[in-house]
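No gaps in the numbering here: position 44 of the sequence shown is 43 in numbering that gives the first Met the number 0, and each next residue is one more.
Cβ atoms here follow ideal geometry from the backbone N, Cα and C, with glycine treated the same way.
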Amino acid sequence: MKSHQTAQTMKPATAAKKLGVYLPATPAEFQEGVVSRAELNELQADPPEWLRELRRDGPHPRPVVAAKLGVSISGLGRGGVTEALTTEQIEALKQEQPEWLEKERATQAEVRKETARLKQRDAERAEQDTE
């Protein structure tokens with residue numbers, strides 16, 4: 000028997016998420032179609048101008064905005080940021096340094112520190128168990 004492979008496809012929202020772009024800002028043909036795994040790989044390897052522009056200038060989806068600001072996605076919500084932001088808007092927020100952003104960055108730093116501490120502790124315990 001021959002097994003034939005069907006091309007894996009994904010919804011535009013999934014592809015946009017994997018590409019790190021805000022779906023409503025993508026071209027209509029991208030939003031209305033389906034994206035195959037091969038097409039996604041090609042977009043990642045050799046992004047068209049619209050994709051390069053979106054990645055550079057935005058608007059960016061919340062996970063990208065959070066990463067660029069150094070806060071969690073929940074922190075964005077607590078700070079009142081519910082919409083996609085452009086690179087220019089993100090830079091303006093960094094310059095303004097509102098109180099919520101400072102607080103959320105400090106919280107994020109604490110979370111990272113605690114995660115590192117737990118990882119170190121677990122590594123030490125694993126080492127002791129192998130002795």
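When Glu82, Gln30 and Leu68 are compared, the shortest CA-CA separation from glutamine 96 is found for Leu68.
Residue environment: leucine 18 is assigned as buried (16 or more neighbouring CB atoms within 10 Å of its CB, all protein chains considered). A Cβ-Cβ distance of about 7 Å is found for the pair valine 70 and leucine 100, placing them in contact under the 8 Å criterion. Contiguous alpha helix (DSSP H) elements confined to the segment 26-114 occur at 27-31, 36-44, 48-56, 61-68, 72-77 and 86-95, taking only those with 4 or more residues. Alanine 14 places its beta carbon less than 8 Å from that of valine 34. By the C-beta density criterion, leucine 117 is exposed, having fewer than 16 other C-beta atoms within 10 angstroms.
Selection Ala12, Gln127, Ala125 and Thr8 evaluated against proline 60 yields Ala12 as nearest (Cα-Cα). Non-local beta-carbon contacts of valine 20 in its own chain, meaning distances under 6 Å to residues more than five positions away in sequence, involve Leu53 in chain order.
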